[in-house]
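Residue numbers (the numbering used here), protein chains in the order written: chain A, 1 to 102; chain B, 1 to 169.
Quick reminder that beta carbons are idealized off the backbone N, C-alpha and C, glycines included.
Remember, predicted model here, so these are calculated numbers, not experimental data.
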Amino acid sequence: MTVVPITWYLILGAILFTIGAVGVLIRRNVIVIFMSIELMLNAVNLVFVAFSRQLHSMDGQVAVFFVMTVAAAEAAVGLAVIIAMFRNRETINADELSLLRW
Amino acid sequence: MNPLLFGILALLMIASALGVVLLHSPVRSALSLVMTLFLLAVTFLFLDAYLVAALQVVVYAGAIMVLFLFVIMLLNLQADPQGMAKVGVRFAAVLLASLFLLAAVRFFVAPAALGSGTGMGGTPPAGFGSVEAVAERLFTHSLFAFEVTSVLLLVAIIGAVVLAKRKLV
């Protein structure tokens with residue numbers, strides 16, 4: 001059975017990361033922007049695991065462990081910020097939340 | 001992994017990732033993201049990362065996405081017609097992203113493949129990706145980072161509670 005080379009995993013990771021980046025740029029709903037960021041984090045996780053498998057090193061998987069922890073903390077704080085924002089401004093549209101915009 | 005299987009997984013993953021970005025309803029976006037995360041967990045299994053695959057399902061597809069859905073339903077968000085940026089911004093974003101993708105594949109993926117041949121490094125040692133292997137590395141090499149993470153989580157819990165409290169002090 002042929003083996004899928006690591007290049008394919010890297011390209012898949014790059015495509016997923018790009019889709020996430022496009023989501024951050026084109027969506028105006030703050031929650032969807034947030035989900036796109038999670039997508040980008042997961043694309044990086046895929047690359048970590050692929051390299052960990054190829055180099056037979058556990059370091060990549062340990063890095064994924066930390067990425068997941070930080071993502072969980074980030075999601076909790078970020079969603080709390082969104083709730084506070086919605087309570088004060090009655091909107092979660094990124095275009096209307098322009099108080100700090102230059 | 002079998003190339004055909006990888007192709008099917010990759011196509012499904014890209015389709016559901018596009019669903020996250022393109023679907024108008026936030027709930028549909030969230031469910032699409034759950035699908036992407038599950039497919040990623042399956043890919044991790046094929047890469048002998050068993051603990052990471054389990055964590056992916058439990059932590060990401062379970063805990064984090066439940067939090068997202070909970071907030072979406074708490075705020076009672078409807079599908080909004082103004083959910084996308086203006087056409088010019090959209091065009092520029094897709095153009096920039098395609099350039100990024102091309103550059104990433106050309107300058108990072110191609111040299112990585114050249115340096116390592118075409119395979120996946122042969123059969124891994126026994127116990128690779130198991131709980132013992134990850135824990136052994138985590139608690140010897142990254143012990144300090146692990147301990148700092150607990151402080152980070154504590155700060156995040158306190159921050160989330162303070163931020164989401166009804167009355168901001």
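Looking at the DSSP output, B:Met84 sits in a beta bridge with A:Arg27. Contact between the stretch 83–91 of chain A and the stretch 137–154 of chain B is absent: fewer than three C-beta pairs spanning the two stretches fall below 8 Å. The Cβ-Cβ distance between B:Met84 and A:Arg28 falls below 8 Å. Note that the C-beta distance between B:Thr43 and A:Leu46 is below 8 Å.
Those residues of the stretch 30–51 of chain B placed with their C-beta closer than 9 Å to a C-beta in chain A are Ala30, Ser32, Leu33, Thr36, Leu37, Leu40, Thr43, Phe44, Phe46, Leu47, Asp48, Ala49 and Leu51, ordered along the chain.
DSSP, read as helix, strand or coil, puts A:Asn93 in strand. Here the alpha carbon of B:Leu45 sits roughly 6 Å from the alpha carbon of B:Ala53. Taking C-beta separations shorter than 6 Å and ignoring five residues to either side along the sequence, the partners of B:Ala133 in its chain run Gly127, following chain order. Residues of chain B whose Cβ lies closer than 8 Å to the Cβ of A:Val77 are, in chain order, Ala156, Gly159, Ala160 and Leu163. When Cβ pairs closer than 8 Å are counted between the two stretches, the stretch 15–35 of chain A is seen to touch the stretch 6–25 of chain B, the count reaching three or more.
The beta-carbon separation of A:His56 and B:Pro124, rounded to 5 Å, stays under the 8 Å limit for a contact. Per DSSP, the unbroken alpha helix (DSSP H) holding B:Thr149 starts and ends at Leu143 to Ala164. Linking B:Phe91 to A:Val81 through their CA atoms gives a straight-line distance of about 30 Å. For B:Met13, the neighbours in chain A by C-beta distance under 8 Å run, in chain order, Leu12 and Leu16. Remark: C-beta atoms of A:Ile31 and B:Phe68 approach each other more closely than 8 Å. One alpha carbon belongs to B:Leu95, the other to B:Glu147, and they sit about 42 Å apart.
Contact between B:Leu75 and A:Ile92 holds: CB atoms are separated by about 7 Å, below the 8 Å threshold. The closest CA to that of A:Asp95, considering only A:Glu38, A:Gly78, A:Ala72 and A:Ile26, is found on A:Ile26. Not one beta carbon of chain B lies nearer than 8 Å to the beta carbon of A:Met40. Nearest to B:Tyr50 by alpha-carbon distance, out of A:Met35, A:Leu16 and A:Val62, is A:Val62.
The distance from the Cβ of A:Thr69 to that of B:Ala97 is about 28 Å, inconsistent with a contact at the 8 Å cut-off. At a cut-off of 8 Å between beta-carbon atoms, A:Thr7 makes contact with chain B. By the Cβ neighbour-count rule, B:Leu138 is buried, with 16 or more other Cβ atoms within 10 Å of its own.
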